[in-house]
Ligand SMILES: Cc1cc2nc3c(=O)[nH]c(=O)nc-3n(C[C@H](O)[C@H](O)[C@H](O)COP(=O)(O)OP(=O)(O)OC[C@H]3O[C@@H](n4cnc5c(N)ncnc54)[C@H](O)[C@@H]3O)c2cc1C
């Protein structure tokens with residue numbers, strides 16, 4: 009019998025289990041495909057505090073702190089982040105930075121090009137630059153988090169997955185696994201991202217999320233450029249530097265019926281557009297060469313907000329889901345806070361916009 013069973017070992021599950029171990033809980037983490045077997049390993053790895061809502065800014069700032077605390081600089085670099093766009097398009101994100109007290113600089117197009125001569129920016133555009141933002145290599149991050157989990161004594165079960173929750177009188181008694189075995193715990197966290205819907209459905213609980221397959225690319229530029237990670241609200245594209253490569257793409261996705269972990273190539277139009285948009289914004293030393301594509305599932309909610317908190321009508325089960333295309337950066341903080349809510353009775357009132365009540369019938 010465990011104090012806490014964490015289902016799913018993506019970014020959310022890893023930080024939930026790490027926090028549990030830190031608070032002295034006997035924790036088990038179960039991942040059908042192994043730690044970082046889902047979306048987290050396939051993500052582009054951009055961490056930026058430049059987001060539209062103060063809550064998201066706060067979460068990402070906390071996530072940056074956590075990632076730096078638990079992993080080495082092999083997994084991340086402080087690149088800073090430059091958001092380019094028309095002034096009105098960046099207003100919400102500037103307001104959020106203000107509210108959260110995060111330092112930022114507003115630069116006009118000339119100032120951007122003087123500081124980073126590789127950029128080409130039209131006069132009607134501005135840039136917002138923040139400093140703590142990270143470029144993260146998700147697979148190294150996953151490997152290091154797995155090591156930390158083992159060091160902290162979290163029991164990891166890989167290769168078998170959760171099939172359903174066994175519920176008696178509003179209490180989850182155990183989780184039934186794909187090999188027929190069962191794991192009992194006092195508390196459960198569903199951190200199975202795009203697979204949560206199916207596990208809940210098998211447990212006769214319906215959650216309202218939808219799935220997209222997202223795409224990103226790694227391009228080799230031939231040599232390292234001294235530029236920050238950047239996004240372009242005008243051109244709908246985002247990139248982060250990693251050595252001589254850039255990782256990112258166009259804001260690009262397709263609807264999916266079930267989580268897509270295939271290695272099928274993204275639609276060729278997606279890569280062509282991503283390259284075209286990049287070359288509009290950045291002078292590269294040589295023509296970018298595709299070295300890798302990332303393709304993976306993201307779960308979304310109708311209002312675009314995450315689902316975070318206790319599952320309605322269950323007294324001992326929590327959910328973190330619907331993180332969309334920003335889950336790598338919000339996930340560490342949300343995983344951590346879920347355990348704080350369970351163990352330290354931390355109130356989740358200020359997260360009412362993320363309330364699970366919105367997503368359950
Ligand atoms: C191409 C792409 C680019 C992206 N870029 C970014 C980015 O730059 N920045 C950002 O913040 N976000 C980005 N995202 C989004 C981000 O990847 C996700 O929001 C985030 O990884 C979700 O984390 P998670 O822990 O909820 O889910 P996941 O990482 O998917 O973890 C769920 C885990 O559950 C496991 N699992 C599945 N079924 C079961 C089962 N039955 N039992 C037990 N375990 C199970 C899976 O193997 C998986 O490891 C991107 C996503 C994609 C696909």
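In the working numbering, the protein residues as written are 9 to 369. For every residue, glycine included, the Cβ atom is placed at its ideal position computed from N, Cα and C.
With DSSP as the reference, identify every bridge partner of residue 91, one or two as the case may be. In the chain shown, residue 91 corresponds to position 83, counting from 1. Answer is 136, 239.
Can you list, in chain order, the residues of its chain whose CB lies under 6 Å from that of residue 245, leaving out five sequence neighbours each side? As a working mapping, residue 245 is identified with position 237 in the chain shown. 258, 285.
Which of helix, strand or coil DSSP assigns to residue 181: Position 173 of the chain shown holds residue 181. Of the three classes helix, strand and coil, the one that applies to residue 181 here is strand, per DSSP.
In whole angstroms, what is the alpha-carbon distance linking residue 100 and residue 231? If you number the chain shown from 1, residue 100 lands on position 92. If you number the chain shown from 1, residue 231 lands on position 223. Approximately 35 Å, taken between the alpha carbons.
Where does the unbroken beta strand (DSSP E) through residue 324 begin, and where does it stop? As a working mapping, residue 324 is identified with position 316 in the chain shown. In the DSSP assignment, residue 324 falls outside any beta strand (DSSP E) and carries neither an H nor an E.
How many whole angstroms separate the CB atoms of residue 263 and residue 141, which I take to be in contact at a CB cut-off of 8 Å? Counted from its first residue, the chain shown places residue 263 at position 255. Counted from its first residue, the chain shown places residue 141 at position 133. Contact flag wrong, Cβ pair sits at about 30 Å.
Grouping DSSP H, G and I as helix and E and B as strand, with all else coil, what is residue 351? Position 343 of the chain shown, counted from the start, is the residue given in the question as residue 351. Helix at residue 351.
7 Å Cβ shell around residue 78 - same chain, five flanking residues per side excluded: On the chain shown, position 70 is the one that residue 78 refers to. Only 26, 153, 156 meet the Cβ criterion.
Buried or exposed, going by whether 16 or more other CB atoms sit within 10 Å of the CB of residue 9? Looking up residue 9 in the chain shown gives position 1. Exposed is the call here.
According to DSSP, is residue 202 helix, strand or coil? Start at 1 with the first residue of the chain shown, and residue 202 comes out as number 194. Of the three classes helix, strand and coil, the one that applies to residue 202 here is helix, per DSSP.
Cβ of residue 337 within 7 Å of Cβ of residue 68? Taking the first residue of the chain shown as position 1, residue 337 is located at position 329. Taking the first residue of the chain shown as position 1, residue 68 is located at position 60. Cβ distance < 7 Å, so residue 337 and residue 68 count as in contact.
Is residue 89 near residue 58, with beta carbons less than 7 Å apart? Position 81 of the chain shown, counted from the first residue, corresponds to residue 89. Position 50 of the chain shown, counted from the first residue, corresponds to residue 58. Yes, Cβ-Cβ distance for residue 89 and residue 58 is below 7 Å.
Residue environment, residue 125, which counts as buried when at least 16 other CB atoms sit within 10 Å: As a working mapping, residue 125 is identified with position 117 in the chain shown. Looking at its Cβ environment, which holds fewer than 16 other Cβ atoms inside 10 Å, residue 125 is exposed.
Quick check: what's the CA-CA separation for residue 162 versus residue 103? By 1-based counting over the chain shown, the position of residue 162 is 154. By 1-based counting over the chain shown, the position of residue 103 is 95. The straight-line gap from Cα to Cα measures roughly 40 Å.
Beta-ladder partner(s) of residue 5, from DSSP: This structure cannot speak to residue 5, because the chain is shown only from 9 to 369.
To the nearest angstrom, report how far apart residue 150 and residue 178 are at their CA atoms. Numbered from 1 along the chain shown, position 142 holds the residue referred to as residue 150. Numbered from 1 along the chain shown, position 170 holds the residue referred to as residue 178. Going from the Cα of residue 150 to the Cα of residue 178 covers about 34 Å.
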